[in-house]
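Quick mapping for you: the protein sequence lines, in order, are chains H and L.
Read in order, the letters of the first sequence are residues 379 to 491 in the working numbering.
Read in order, the letters of the second sequence are residues 316 to 429 in the working numbering.
Here a beta-carbon is modelled for each residue, glycine too, at the ideal position from N, C-alpha and C.
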Amino acid sequence: AQSVTQPDIHITVSEGASLELRCNYSYGATPYLFWYVQSPGQGLQLLLKYFSGDTLVQGIKGFEAEFKRSQSSFNLRKPSVHWSDAAEYFCAVGSSNTGKLIFGQGTTLQVKP
Amino acid sequence: EAGVAQSPRYKIIEKRQSVAFWCNPISGHATLYWYQQILGQGPKLLIQFQNNGVVDDSQLPKDRFSAERLKGVDSTLKIQPAKLEDSAVYLCASSLTSRNTEAFFGQGTRLTVV
Numbered sequence: 379a380q381s382v383t384q385p386d387i388h389i390t391v392s393e394g395a396s397l398e399l400r401c402n403y404s405y406g407a408t409p410y411l412f413w414y415v416q417s418p419g420q421g422l423q424l425l426l427k428y429f430s431g432d433t434l435v436q437g438i439k440g441f442e443a444e445f446k447r448s449q450s451s452f453n454l455r456k457p458s459v460h461w462s463d464a465a466e467y468f469c470a471v472g473s474s475n476t477g478k479l480i481f482g483q484g485t486t487l488q489v490k491p
Numbered sequence: 316e317a318g319v320a321q322s323p324r325y326k327i328i329e330k331r332q333s334v335a336f337w338c339n340p341i342s343g344h345a346t347l348y349w350y351q352q353i354l355g356q357g358p359k360l361l362i363q364f365q366n367n368g369v370v371d372d373s374q375l376p377k378d379r380f381s382a383e384r385l386k387g388v389d390s391t392l393k394i395q396p397a398k399l400e401d402s403a404v405y406l407c408a409s410s411l412t413s414r415n416t417e418a419f420f421g422q423g424t425r426l427t428v429v
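So, in structure tokens, the structure goes:
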């Protein structure tokens, strides 16, 4: 069955500290992988995506993610977190044929001053 | 470029009432999705349109939910009658095609059923 697991429901980091949000997926074919961010009351904004090629993907707002096929993981990283990064983050796997997205349950990021 | 527009932003109804949500996708986008996001969960696909045809409605509770996409542009999602468990944010998204493209999301409609 296709699924996405985000093991950490809630993470708190200090401003300026590094961040890594974990994502593991289960998918039969070559996955298309995404990270979205959702601020309160807002829709989903795409941070970055992996379709093929270089397994280290750069996104907006200084985020990056690395696709590791052997570990079925697509972890999101940022070297220095800003207070404005506080939000909910969703990892998703997408069908290359239909575009349908399967989302993880999300990780809420809190940033301490 | 204008984004995906949804209305209303918020709706409160009593159980057993009906409700409708509207979505206007990005101009030229052939694929339109409706997702349901229950509090504390990730979004779940309800229905996907390619132009005005349904591609996937396997997760749509068809006894109470219906959706249409007239002329392959705007779309409406209806719930009749609503249940308490339908309380959620309903997100509309669109993409240029269904293959190899990113989906753009609207701000969503927050439905509360009391």
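Proximity test, Cβ basis, 8 angstroms: residue i and chain L
{"i": "Q420 (chain H)", "result": "yes"}
{"i": "G482 (chain H)", "result": "yes"}
{"i": "G477 (chain H)", "result": "yes"}
{"i": "F468 (chain H)", "result": "yes"}
{"i": "K439 (chain H)", "result": "no"}
8 angstroms contact criterion, which residue i and residue j should meet: CB distance rounded
{"i": "L487 (chain H)", "j": "A470 (chain H)", "result": "L487 (chain H) to A470 (chain H), Cβ: 17 angstroms. No contact."}
{"i": "T405 (chain H)", "j": "K427 (chain H)", "result": "Here the sequence assigns Tyr to residue 405 (chain H), which means Thr is not the residue at that position. 15 angstroms between Cβ atoms; not a contact."}
{"i": "S413 (chain L)", "j": "T346 (chain L)", "result": "5 angstroms"}
{"i": "G357 (chain L)", "j": "Q483 (chain H)", "result": "5 angstroms"}
{"i": "D371 (chain L)", "j": "L360 (chain L)", "result": "7 angstroms"}
{"i": "T424 (chain L)", "j": "Q321 (chain L)", "result": "6 angstroms"}
Rounded C-alpha distance that separates residue i from residue j
{"i": "R455 (chain H)", "j": "F441 (chain H)", "result": "6 angstroms"}
{"i": "Y467 (chain H)", "j": "P396 (chain L)", "result": "32 angstroms"}
{"i": "I480 (chain H)", "j": "Q351 (chain L)", "result": "12 angstroms"}
{"i": "L425 (chain H)", "j": "Q416 (chain H)", "result": "10 angstroms"}
{"i": "N367 (chain L)", "j": "W337 (chain L)", "result": "15 angstroms"}
{"i": "S473 (chain H)", "j": "W461 (chain H)", "result": "33 angstroms"}
{"i": "P376 (chain L)", "j": "S392 (chain H)", "result": "43 angstroms"}
{"i": "S448 (chain H)", "j": "F412 (chain H)", "result": "18 angstroms"}
{"i": "K490 (chain H)", "j": "I389 (chain H)", "result": "11 angstroms"}
{"i": "K446 (chain H)", "j": "F429 (chain H)", "result": "13 angstroms"}
{"i": "G477 (chain H)", "j": "Q374 (chain L)", "result": "15 angstroms"}
{"i": "L399 (chain H)", "j": "T408 (chain H)", "result": "22 angstroms"}
{"i": "I387 (chain H)", "j": "C401 (chain H)", "result": "11 angstroms"}
{"i": "E444 (chain H)", "j": "A418 (chain L)", "result": "21 angstroms"}
{"i": "P418 (chain H)", "j": "F420 (chain L)", "result": "14 angstroms"}
Candidates the options, of which the one nearest residue i by Cα
{"i": "Q363 (chain L)", "options": "L:D401, L:H344, L:S322 and L:V429", "result": "L:H344"}
{"i": "S458 (chain H)", "options": "H:L422, H:L397, H:G419 and H:V415", "result": "H:L397"}
{"i": "A408 (chain L)", "options": "H:F445, H:Q420 and H:W461", "result": "H:Q420"}
{"i": "Q423 (chain H)", "options": "L:N366, L:V319, L:R379 and L:E329", "result": "L:V319"}
{"i": "K398 (chain L)", "options": "L:A317, L:L406 and L:L426", "result": "L:L426"}
{"i": "L354 (chain L)", "options": "H:T485, H:P491 and H:L425", "result": "H:T485"}
{"i": "P323 (chain L)", "options": "L:S373, L:V334, L:S402 and L:W349", "result": "L:V334"}
{"i": "G394 (chain H)", "options": "H:G477, H:D463 and H:N475", "result": "H:D463"}
{"i": "V429 (chain L)", "options": "L:K330, L:Y325, L:A317 and L:K326", "result": "L:K330"}
{"i": "T433 (chain H)", "options": "H:P418, H:K439 and H:F452", "result": "H:F452"}
{"i": "Y405 (chain L)", "options": "L:Q422, L:Q374 and L:D378", "result": "L:Q422"}
Chain L residues whose Cβ lies nearer than 8 angstroms to that of residue i
{"i": "V396 (chain H)", "result": "It should be pointed out that residue 396 (chain H) corresponds to Ser in this sequence rather than to Val. Those do not exist, as S396 (chain H) stays about 24 angstroms from chain L at its closest Cβ, beyond 8 angstroms."}
{"i": "K427 (chain H)", "result": "E417"}
Per-residue contacts from residue i into chain H (C-beta, under 7 angstroms)
{"i": "L426 (chain L)", "result": "Within 7 angstroms Cβ-Cβ: nothing; L426 (chain L) doesn't reach chain H, min ~14 angstroms."}
{"i": "F420 (chain L)", "result": "G421 and L422"}
{"i": "G357 (chain L)", "result": "F468, F481, G482, Q483 and G484"}
{"i": "T346 (chain L)", "result": "G477"}
{"i": "Q351 (chain L)", "result": "The premise fails here: Q351 (chain L) is roughly 11 angstroms from chain H at the closest Cβ pair, so nothing lies under 7 angstroms."}
{"i": "G423 (chain L)", "result": "G421"}
CB contact below 8 angstroms: residue i versus chain H
{"i": "V370 (chain L)", "result": "yes"}
{"i": "S410 (chain L)", "result": "yes"}
{"i": "G343 (chain L)", "result": "no"}
{"i": "L361 (chain L)", "result": "no"}
Contact list for residue i against chain H, beta-carbon separation under 9 angstroms
{"i": "L406 (chain L)", "result": "G421 and L422"}
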